[in-house]
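The next block holds one structure in the form of structure tokens; read it before the comments.
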Amino acid sequence: MQKLANLLTRVEGQGYKAYQRLQGDFQFDGFRLFIDHVQGDPFAESSRCRIVLATQLTALPDHLFNNPIRRIAIEDYLGRRFAAAIDATVEGNRGSGRSGDFEIANYGQQVLDRSTVSIDSSRLEVRFQIGLPADNRRIDAGQARAMLFEELPAVVESALIRIDRDLDTAERHVNCIEDQHFLRAQLETRNLIAFIADGSNLARQSGVDDRPLQNAIRIKVPDSIAIEMPLKHHPPVTGVAFPVGINLIVGGGFHGKSTLLRAIEQGVYDHIPGDGRELVVSESSCFKLHAEDGRAISGVDIRPFIQNLPDARDCSFFTTTNASGSSSQAASIVEALSAGVHTLLIDEDTSASNFLIRDQRMQSLVPKDKEPITPLSQRICQLRDQYAISVVMVMGGSGDYFSLADRVVMMDSYQPVDMTQKAHELAQSDVIAESDIAEILQRSARIPIINCLSATGSSGKPKIKAFGTRLLQFGQEEVPLQALDQLVDTAQLLSIGYLIEKYHQDNSLQETDMVVGLGRVLAQLQQRGFDTITPYPMGKLALPRLQELVAVVNRMRLLKLEPVKI
Ligand code: ADP
Ligand code: MG
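Laid out in structure tokens, this is it:
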């Protein structure tokens with residue numbers, strides 16, 4: 019501490035660049051501060067710091083982190099405490115640019131494996147950033163002293179030291195997360211793809227605010243369809259389940275169909291206590307599909323859904339920089355299946371209608387040989403029967419899927435009602451002919467030319483930046499990702515950027531199928547830790563799913579594939 023104080027006195031009033039001399043590590047009372055990287059000016063990304071202390075000082079017992087799930091949960095809990103302590107201790111927006119602020123990862127409703135906090139039985143590390151204070155472009159040493167010698171120790175003290183009085187809350191947090199894993203793990207053995215517990219609150223504050231809607235109507239599952247599921251730390255819960263197969267969610271507009279589907283799509287993640295979706299879980303590979311007109315597609319075999327285009331384009335290796343709604347959705351399905359997705363989630367609100375359905379009258383009017391699109395309704399049973407693909411589809415506007423559905427749930431004033439039998443009675447006369455796609459959906463390897471996937475920007479330096487969850491800057495390319503609803507945190511997208519660069523640098527993955535190669539890079543991250551994918555330790559990374567990693571690469575205009583060898 020004395021060393022740091024002396025350094026600050028020496029640089030007092032000098033130009034901002036003199037802050038560089040603070041780089042290093044300093045022993046404080048009870049913890050060690052590492053200043054890993056000092057920002058070049060007050061407007062640049064804030065200075066990267068870490069504190070390290072003995073786990074013993076927290077008084078947290080080992081059983082709170084004695085397996086990976088519990089460890090991730092307690093790290094999440096501690097990170098949230100640290101963020102809350104910053105908010106309580108430090109007033110925001112002091113000084114120009116980011117100067118005067120402490121920053122830590124943004125904790126949302128999900129519990130993710132992050133690089134922010136790491137704990138084991140001896141050592142606890144927290145990564146954060148400090149905007150070193152400036153007075154115009156000079157060093158403001160007085161403010162820096164307040165931040166480093168008063169605010170930081172106060173934050174550490176209240177967030178991390180001797181938190182035994184909050185042990186119950188910590189334990190509840192960890193057990194709640196472990197219950198969600200326990201619940202999700204039962205889906206497979208019980209042939210289910212999703213479960214929604216009675217009493218869940220699915221509605222969100224708004225489309226851009228993922229917190230629970232206050233005073234929303236909670237799910238009340240009728241006894242006739244309720245099933246019971248055991249938990250690890252609590253008594254069994256009842257709820258509604260969606261079985262493996264074809265599931266429809268029907269109902270009038272505004273009755274909560276899309277809200278239910280969104281809860282299912284988010285059920286691949288664990289949620290914090292109080293979220294309302296703590297007991298909503300889904301099969302962990304499930305993938306939400308959108309129509310995305312304008313997206314790039316590189317070398318995808320879309321023949322199961324689109325063939326015989328009027329311009330005679332090759333649909334077995336379909337490539338475009340500006341897809342239509344239906345071709346984007348066709349490509350997304352084929353890509354998802356090759357990325358190991360077992361469950362497709364589709365909402366009519368965000369789909370191309372000509373991709374989902376073509377009714378009898380339209381089939382009579384437009385002859386089959388004039389329509390390149392085979393709608394999903396004519397493929398869905400084969401996907402289920404030959405490829406074991408399940409579907410949950412929101413469909414309020416057409417009965418075309420009634421005869422195909424294994425389960426039909428109607429949302430009626432936000433409540434689920436089983437309508438399977440009624441829908442089957444209405445559908446009795448419909449028979450939908452399917453032609454065989456077995457030949458086509460043989461998953462042929464897609465081999466990217468991975469040299470193309472370079473993050474090196476125009477400056478000659480790698481440039482990887484995530485803007486929320488909707489845009490990735492990767493080298494000179496900006497990849498728009500509006501359709502990836504299951505990318506929930508900008509920290510996941512940043513990791514995806516670094517994983518793609520890692521993939522690009524790994525020569526051993528040339529000539530390897532893209533999904534296999536990306537899977538290997540992701541598995542290495544899980545084994546070896548976040549610091550192996552970035553040039554220096556970073557605190558704002560979180561683990562993405564393979565499905566989103568692959569989906570981002572598939573949307574890159576830089577992506578070029580080796581021609582298929584037959
Ligand atoms: P649909 O897809 O059936 O048209 P949505 O799921 O989009 O309906 O829901 C319509 C509106 O109702 C949304 O604004 C949503 O936030 C709200 N909503 C959904 N479920 C609930 C609920 N359980 N309680 C209160 N409001 C809800
Ligand atoms: Mg809707």
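Throughout, the working numbering is defined as the position within the sequence shown, counted from one, plus 18. Even glycine gets a Cβ: it sits at the ideal position worked out from N, Cα and C.
Is the closest heavy atom of the ligand SAH to the C-beta of A221 under 7 Å?
Among the ligands present in this structure, namely the ligand ADP and the ligand MG, the ligand SAH is not found.
How close, in whole Å, do the beta carbons of V268 and G257 come, if the pair is a contact with beta carbons under 8 Å?
In the sequence shown, counting from the first residue as 1, residue 268 sits at position 250. In the sequence shown, counting from the first residue as 1, residue 257 sits at position 239. Between G257 and V268 the Cβ distance is about 19 Å, and since that is not below 8 Å, they are no contact.
Does the Cβ of H442 lie closer than 7 Å to at least one heavy atom of the ligand ADP?
The sequence position of residue 442 within the sequence shown is 424, counting from 1. Distance from the C-beta of H442 to the nearest heavy atom of the ligand ADP is not below 7 Å.
With 16 as the cutoff for other CB atoms within 10 Å, does F100 come out buried or exposed?
If you number the sequence shown from 1, residue 100 lands on position 82. It counts as buried.
Measure the Cβ-Cβ separation of L512 and L543 and say whether it is below 8 Å.
The sequence position of residue 512 within the sequence shown is 494, counting from 1. The sequence position of residue 543 within the sequence shown is 525, counting from 1. Between L512 and L543, the gap from beta carbon to beta carbon reaches 8 Å or more.
Taking DSSP's pairing of strands, which residues face E495 in a bridge?
The residue labelled residue 495 in the question sits at position 477 within the sequence shown. Note: E495 sits in a beta bridge opposite F492.
For S408 and I264, I'd like the C-alpha separation in whole angstroms.
Here residue 408 is taken as the residue at index 390 of the sequence shown, counted from 1. Here residue 264 is taken as the residue at index 246 of the sequence shown, counted from 1. C-alpha separation (whole angstroms): 6 Å.
Which runs of the beta strand (DSSP E) fall wholly inside the segment 377–423 and span at least 3 residues, in chain order?
Here the runs fully enclosed are 408–412.
Under 8 Å, do V393 and N372 count as touching if we go by C-beta distance?
Position 375 of the sequence shown, counting from 1, holds the residue named residue 393. Position 354 of the sequence shown, counting from 1, holds the residue named residue 372. Before going on, a small fix: residue 393 reads as Pro here, not Val. Yes.
Assuming contact is defined by CB atoms lying nearer than 8 Å, are S316 and Q565 in contact in what I supplied?
Indexing the sequence shown from 1 puts residue 316 at position 298. Indexing the sequence shown from 1 puts residue 565 at position 547. Going by C-beta atoms, S316 is not nearer than 8 Å to Q565.
For a test of your reading of the model: does the CB of S276 fall under 7 Å from any non-hydrogen atom of the ligand MG? Yes or no.
Your numbering for residue 276 matches position 258 in the sequence shown. Yes; taking the cut-off as 7 Å, the Cβ of S276 has a heavy atom of the ligand MG nearer than that.
Which complete alpha helix (DSSP H) runs does the segment 463–538 hold, if anything under 4 residues is left out?
Within the segment 463–538, the runs of alpha helix (DSSP H) at least 4 residues long that lie entirely inside it are, in chain order, 508–523.
With a cut-off of 8 Å, do at least 3 Cβ pairs link the segment 463–476 to the segment 271–289?
no
Cutting at 6 Å between CB atoms, please list the residues of its own chain near C333, excluding the five before and the five after it.
On the sequence shown, position 315 is the one that residue 333 refers to. Counting only Cβ-Cβ distances below 6 Å, and skipping sequence neighbours, we find I320, R321, I324 and Q325.
Counting C-beta neighbours from all protein chains within 10 Å, is the total for T508 16 or more, i.e. buried, or is it exposed?
Within the sequence shown, numbered from 1, the residue matching residue 508 stands at position 490. Flag for T508 reads buried.
Is there at least one non-hydrogen atom of the ligand MG closer than 7 Å to the beta-carbon of V70?
Here residue 70 corresponds to residue number 52 of the sequence shown, with the count starting at 1. V70 Cβ: outside cutoff for every heavy atom of the ligand MG.
Looking at F44: is its Cβ nearer than 8 Å to the Cβ of M19?
Position 26 of the sequence shown, counted from the first residue, corresponds to residue 44. Position 1 of the sequence shown, counted from the first residue, corresponds to residue 19. At the C-beta level, F44 and M19 come within 8 Å of one another.
Under the rule that 16 or more other beta-carbon atoms within 10 Å means buried, what is E168, buried or exposed?
Numbered from 1 along the sequence shown, position 150 holds the residue referred to as residue 168. Exposed, because fewer than 16 other Cβ atoms sit within 10 Å of the Cβ of E168.
Write down the C-beta distance between I104 and V173 rounded to the nearest angstrom, noting that I regard them as a contact closer than 8 Å.
What you label residue 104 is simply residue 86 of the sequence shown in a count that begins at 1. What you label residue 173 is simply residue 155 of the sequence shown in a count that begins at 1. In this structure I104 touches V173 by the C-beta definition: roughly 6 Å separates them, less than 8 Å.
Would you say G557 and T134 are within 8 Å of each other, going by their C-beta atoms?
Residue 557 sits at position 539 when you count from the first residue of the sequence shown. Residue 134 sits at position 116 when you count from the first residue of the sequence shown. In this structure, T134 lies closer than 8 Å to G557 by Cβ.
Which residues mark the beginning and the end of the beta strand (DSSP E) in which G317 is found?
For this step, residue 317 is matched to residue 299 along the sequence shown. Its beta strand (DSSP E) spans residues I315 to V318.
Between the Cα of R202 and the Cα atoms of L297, F46 and L130, which residue gives the shortest distance?
For this step, residue 202 is matched to residue 184 along the sequence shown. Per the Cα distances, L297.
Just to confirm before moving on: does the CB-CB distance between L527 and G535 stay below 8 Å?
For this step, residue 527 is matched to residue 509 along the sequence shown. For this step, residue 535 is matched to residue 517 along the sequence shown. With contacts defined by Cβ atoms closer than 8 Å, L527 and G535 form a contacting pair.
Please give me, in chain order, every unbroken run of the alpha helix (DSSP H) with length at least 4 that falls completely inside the segment 115–200.
Correct list: 159–163 and 170–178.
For a test of the three-state rule: what should DSSP assign to P284, helix, strand or coil?
Within the sequence shown, residue 284 is the residue found at index 266, counting from 1. The sequence as given places Gln at residue 284; Pro does not occur at that position. Helix.
At a threshold of 7 Å, does M411 count as lining the ligand ADP (C-beta to nearest heavy atom)?
Position 393 of the sequence shown holds residue 411. Incorrect: M411 has no Cβ contact closer than 7 Å to the ligand ADP.
Roughly how far, in whole angstroms, is the beta-carbon of T76 from the beta-carbon of L205, given that I think they are within contact range, below 8 Å?
What you label residue 76 is simply residue 58 of the sequence shown in a count that begins at 1. What you label residue 205 is simply residue 187 of the sequence shown in a count that begins at 1. Between L205 and T76 the Cβ distance is about 35 Å, and since that is not below 8 Å, they are no contact.
Compare the C-alpha of A484 against each of L540, V144 and A560 and name the closest.
By 1-based counting over the sequence shown, the position of residue 484 is 466. With distances taken between Cα atoms, A484 lies closest to A560.
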